[in-house]
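These notes concern the structure reproduced below.
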Amino acid sequence: MIEKNKEYVLDILSQGYEGEGVAKIDGYPIFIQGALKGETVKTKIIKVKKSYAYGKIEEIINVSNDREEPKCSNYKRCGGCSIQHMNYKKQLEFKWERVKDCISKIGGLSEELVNYPIGMESNPYRYRNKVQLPIGKVNGEIVLGFYAPRSHNIIDLDYCLIQDKVADQVAKLTKEWIKRNNIEPSTIDGEFNTNGILKHLMIRRGFKTGEVMVVLVATTSNIPNLDEFKNIILENIDDIKSIVININPNNTNVILGQKCITLYGEDTIQDYIGDFKFNISPLSFFQVNPIQTEVLYNKTLEYANLTGNETVFDAYCGTGTITLFLSQKAKKVYGVEIIEPAIINARENANLNNVSNAEFFVGKSEEIIPELIDKNIKADVIVVDPPRKGCDIKLLQSIGRVKPESVVYVSCDPSTLARDLKILEEQGYKTVEVQPVDMFPQTSHVETVVKLQRKHS
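With UniProt numbering, letter number 215 in the sequence shown gets 215, and the count goes up by one each step, no holes.
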């Protein structure tokens with residue numbers, strides 16, 4: 001029986017889905033954060049469950065050649081970059097193995113369908129165009145950073161190597177302003193502070209335009225010395241286009257409230273994906289890695305294989321980014337999204353780019369798409385880009401009824417992707433090619449785009 005707080009010398013046999021090393025004692029798995037396949041580690045058991053345990057590295061006895069010293073000094077405390085201890089080649093191999101494992105074990109498909117991930121070999125750092133930093137007080141001191149893994153404890157950070165450098169500057173200036181004015185944050189030592197005002201700081205920067213937006217999330221608009229905050233940002237940060245106060249009085253895990261007050265400049269900033277221009281508000285969804293987003297969307301367009309004569313349905317279309325890419329080579333694209341503000345953004349983005357062959361609908365994709373079919377609108381291609389939980393079963397069944405010639409599935413979770421591919425295979429489709437794209441270097445997350453073709457008897 002495995003004992004808590006006891007030390008064991010273990011061989012790491014594989015990597016778990018979150019990047020942790022996996023060892024076994026008599027078939028009983030032990031997950032060890034920071035360990036790599038092929039290593040031998042002295043491990044202290046920190047948690048024991050019925051069917052698995054967690055361990056902590058005490059010493060690495062046999063070091064893998066794939067190990068790299070993390071560049072970030074906060075790596076072990078912060079929960080953001082969980083695989084920074086792997087060199088980048090190993091990170092891509094890990095994500096490749098993860099997708100292949102899900103495709104075969106959950107989807108029942110051949111691993112050979114999965115291509116090697118498209119990575120960011122030149123510089124897999126400083127790629128994020130948006131950061132959201134919680135503000136709190138720990139042991140009487142103002143902290144501004146990220147949450148520690150599986151907790152609401154804020155790790156105070158001076159920099160983050162996967163964020164744009166401007167975010168580091170804004171965060172430093174904001175923390176100094178909070179301290180100088182004794183403004184209360186909404187959390188103290190991880191607990192909600194009913195008298196608190198400041199909740200989060202969000203920074204967005206356009207990759208191609210360089211435009212910067214700073215958003216202060218607060219419980220109220222009555223914030224002391226706001227003019228001072230505005231002037232500090234304007235005097236020290238180049239390319240500021242927007243400073244916004246977002247009001248969120250609720251004690252929830254939802255970061256942004258629905259009310260925004262523009263303190264300076266415009267309500268939005270602009271950026272491009274490919275040749276398309278987008279207005280980005282504080283509440284807009286916009287992919288955080290602009291370089292790899294273009295790679296992902298071009299691959300989606302390639303898999304759609306459009307000639308200019310096709311009608312396309314874009315399910316879970318969000319603010320219409322993929323829809324606009326598809327519109328380049330489609331006869332007509334119909335985008336469907338349940339979140340109404342996203343559809344408002346999508347229509348604005350279509351107008352901004354003079355796209356006239358895209359139409360957008362608010363509602364559940366599994367309900368709107370059958371309604372379009374009932375109106376004799378037949379899709380030649382259906383593109384789906386669902387949230388992490390994957391597609392609704394009703395949508396997958398609707399695809400089976402519509403029988404488009406091809407389906408393109410864009411996924412942010414290999415497990416739910418594999419589950420849905422198995423269902424689509426049962427609906428009469430054949431998985432042709434699976435392409436992982438590394439949108440989030442240094443983390444365990446991976447995006448995947450899949451090409452499916454209808455089987456013909």
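In this text, a Cβ means the ideal position worked out from N, Cα and C, and glycines have one as well. All of these numbers come straight from a predicted model, not from anything done at the bench.
For Y125, no beta strand (DSSP E) encloses it, and the DSSP letter there is neither H nor E. Looking at the backbone, the Cα of Y28 and that of R77 are separated by about 27 Å.
Note on H456: under 16 other CB atoms within 10 angstroms of its CB, so exposed under the neighbour-count rule.
Residue ranges of uninterrupted alpha helix (DSSP H) with 4 or more members, entirely inside the segment 74-151 and ordered along the chain, are 88-105. Rounded to the nearest whole angstrom, the CA to CA distance from F192 to N115 is 46 Å. For the options V48, G196, K375 and K24, the alpha carbon positioned closest to that of V217 is the one of G196. For G400, the uninterrupted alpha helix (DSSP H) run begins and ends at I393 to V402, by DSSP. Residue burial annotation: V432 is exposed, with fewer than 16 other C-beta atoms found within 10 angstroms of its C-beta. In its chain, beyond the 5 residues on either side, L173 and W177 have a beta carbon closer than 7 Å to the beta carbon of I232. Of the residues D380, F325 and Y409, the one whose Cα lies closest to the Cα of K403 is D380. Fully enclosed beta strand (DSSP E) runs of no fewer than 3 residues occupy 332-337 of the segment 321-361, in order along the chain.
When the alpha-carbon of N123 is set against those of S104, P441 and V410, the nearest one is in P441. With a beta-carbon spacing of about 25 Å, T300 and I269 fall beyond the 8 Å limit used to define contacts.
Taking C-beta separations shorter than 6 Å and ignoring five residues to either side along the sequence, the partners of V244 in its chain run V215, C260, T262 and P282, following chain order.
In the DSSP assignment, S365 falls within the unbroken alpha helix (DSSP H) covering S365 to D374. In this structure, the beta-carbon distance from Y316 to E337 falls below 8 Å. In this structure Q258 is exposed. Its beta-carbon is surrounded by fewer than 16 other beta-carbon atoms within 10 angstroms.
Between T319 and A350, the C-beta gap is not smaller than 8 Å, which leaves the two residues out of contact. For N181, the enclosing alpha helix (DSSP H) stretches over residues K165 to N181.
With respect to L113, V434 sits close: the two C-beta atoms are nearer than 8 Å. In the DSSP assignment, no residue is bridged to G257.
Counting only unbroken stretches of 3 or more residues, the beta strand (DSSP E) elements lying wholly within the segment 209-234 are 212-218, in sequence order. In the structure shown, D420 falls within a helical segment according to DSSP collapsed to helix, strand and coil.
Counting only residues of its own chain and dropping the five nearest sequence neighbours on each side, V48 has a CB closer than 6 Å to the CB of I2 and K4. The beta carbon of K130 sits closer than 6 Å to those of R204 and V288, all from its chain and outside the five residues before and after it, given in chain order.
Beta-carbon to beta-carbon, L198 and I154 are separated by about 12 Å, too far to satisfy the 8 Å threshold. Apart from sequence neighbours up to five positions away, the residues of its chain that approach S64 with a beta-carbon distance below 6 Å are L36, G38 and E39, ordered along the chain.
For T431, the uninterrupted beta strand (DSSP E) segment begins and ends at Y429 to V437. C-alpha of K430 to C-alpha of T220: approximately 53 Å in a straight line. Distances from the alpha-carbon of N354 to those of L324, F361 and K100 put L324 closest. The beta carbon of N357 lies closer than 8 Å to those of S327, A330, K331, K332 and V333 in the same chain, with the five residues before and after it left out.
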